[in-house]
Amino acid sequence: MKSLRPVRIAGLSTYVPPRVLTNGDLEKLVDTSDEWILQRTGIRERHVVDPGIATSDLALEAAVGAVAQAGLTPADIEFIVVGTTTPDTIFPSTACVLQEKLGASRAWGFDLGAACSGFTYALTVGAQMIATGAHDHVLVVGADTMSSIIDYTDRTTCILFGDGAGAAVLSPAGEDDPAIMDFAHEIDGSGGPSLCMPAGGSRLPASHETIDTRMHYVKQDGQAVFKFAVRKTEEISRRVLDRNGLKPADLDLFVSHQANRRIISAAAERLGLPESKVIINLERFGNTTGATIPLALGTAVADGKLKRGDLVLLASVGAGFTVGAVLLRWGF
Ligand code: UT7
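Take any residue in the sequence shown, count from 1 to its spot, add 6: that is its number in our numbering.
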């Protein structure tokens, strides 16, 4: 990234709703077992919202913490980008709802649709607003209420997903400060049918038929997504490292999207990364789509695995397909 102005992560905060949905709870809903879920995915439990709670509510909790940690007030935020697949409504955007709830009276912004790459894409977009000099302080959010689009009669998908939010505040960095270094992103639209929600958009507006045929839920070809995710996580990671003259061994921490323990482990193994440098927290949260990477960063901070100046690689693969990587030095 040819940064006109270096950009750093100045604050990070995360939130998950209090209600926990365990593998044991899912055993009562579909034909599955705690053992199968744990073995095939690494997930034990996930958090889900109570009725009436939406993505902006989760995002707000995370945003308040991130703004405070950056030593700012909401009025300092000039731009908000929310990576989400489950906005409160199709319109207005969740960024607008969040701007009002947070009291970020000077901010403009929008939602960004990149599914599980929502946070990496939003981070890149937010960073450009500062790099170009357009804005000083930016709020980047990854938040999803996946339980609102999950079919709890489909055992192949309902075991995977959870709800959550993460927010980062970006600010200008000094010349010698740790900063965001580079990004690489790709899309491959041929993968669309492998992971999608067929109805509710302009192609198939809501109708009795779309509801009767359960078209407002996540549909997935798990094996196709799995293979693509392992291959692309390694590929995009190597690309961004190579062009910065770095090797996987130079990383202090690898923070991948949390979809399946086996995907993360396979990609990390291909990169030659030891377990100690890889954050895996999906055991507690499942796949929270746009929120997994900030939640994983939050776990790393809480576990004392992340300190100022550490070299960190974020990587994501999601529906679309979308692929993303962001290389940075940790900013606080
Ligand atoms: O963020 C990106 C979004 N998604 C992903 O990254 C997900 C990527 N894919 C995956 O994580 C995995 O493909 C899954 C976890 C979804 C599935 O694991 P798998 O090892 O690929 O299983 P499979 O689809 O090959 O199914 C194996 C067996 C099948 O039974 P048969 O045909 O062998 O008799 C399934 O019907 O496991 C069965 N199965 C289950 N059994 C118990 C599928 N889901 C379940 C379940 N409980 N929940």
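Think of the CB as a built atom: it goes at the ideal place given N, C-alpha and C, for glycine as much as any other residue.
Identity of the residue in the options nearest residue i by Cα
i           : options               : result
residue 174 : 258, 129, 93 and 199  : 129
residue 108 : 78, 242 and 55        : 78
residue 136 : 149, 243, 93 and 178  : 178
residue 226 : 214, 216, 202 and 207 : 202
residue 187 : 97, 294, 232 and 249  : 249
residue 279 : 322, 243, 152 and 329 : 243
residue 326 : 191, 337 and 320      : 191
residue 122 : 132, 146, 89 and 301  : 89
residue 272 : 241, 113, 66 and 19   : 241
residue 206 : 199, 197, 221 and 198 : 221
residue 19  : 297, 311, 35 and 259  : 297
residue 38  : 200, 252, 162 and 258 : 162
residue 300 : 219, 126 and 234      : 126
residue 309 : 328, 289 and 285      : 285
residue 17  : 153, 194, 185 and 212 : 185
residue 336 : 315, 329 and 328      : 315
residue 254 : 267, 239 and 268      : 239
residue 295 : 251, 276, 317 and 328 : 328
residue 247 : 277, 193, 103 and 312 : 277
residue 94  : 209, 307 and 116      : 116
residue 166 : 275, 311, 98 and 269  : 269
residue 10  : 275, 311 and 134      : 134
Paired residues, beta bridge with residue i - DSSP
i           : result
residue 293 : 167
residue 225 : 202
residue 309 : Beta-bridge pairing links residue 309 to no other residue.
residue 188 : 333
residue 51  : 28
residue 70  : Residue 70 pairs with nothing; no bridge assigned.
residue 320 : 261 and 332
residue 178 : 13
residue 193 : 328
Presumed contact (8 Å Cβ cut-off) between residue i and residue j, rounded CB distance
i           : j           : result
residue 81  : residue 110 : 7 Å
residue 170 : residue 291 : 6 Å
residue 145 : residue 131 : With 8 Å as the limit, residue 145 and residue 131 do not qualify as a contact, their Cβ atoms being about 12 Å apart.
residue 64  : residue 140 : Incorrect: roughly 28 Å between the Cβ atoms, too far for contact.
residue 319 : residue 303 : The Cβ separation is near 12 Å, so there is no contact.
residue 283 : residue 258 : 7 Å
residue 142 : residue 106 : Contact doesn't hold; Cβ gap of about 21 Å is too wide.
residue 305 : residue 293 : Not really, about 15 Å apart at Cβ, beyond 8 Å.
residue 56  : residue 14  : Incorrect: roughly 36 Å between the Cβ atoms, too far for contact.
residue 230 : residue 196 : Not really, about 11 Å apart at Cβ, beyond 8 Å.
residue 216 : residue 154 : Contact flag wrong, Cβ pair sits at about 16 Å.
Considering only residues of the segment 84–172, which uninterrupted alpha helix (DSSP H) runs meet the minimum length of 4 residues and lie entirely inside it, listed in chain order? 100–108, 124–137 and 161–164
Considering only residues of the segment 240–285, which uninterrupted beta strand (DSSP E) runs meet the minimum length of 3 residues and lie entirely inside it, listed in chain order? 259–262
At what residue ranges does the segment 13–39 contain a whole run of the beta strand (DSSP E), taking only runs of 3 or more? 13–21 and 26–28
Kindly confirm or deny that the segment 315–323 and the segment 256–264 touch, where touching means at least three C-beta pairs closer than 8 Å. Short answer: they touch.
Taking one C-beta from the segment 14–34 and one from the segment 47–57 each time, how about it: are there three or more such pairs within less than 8 Å? yes
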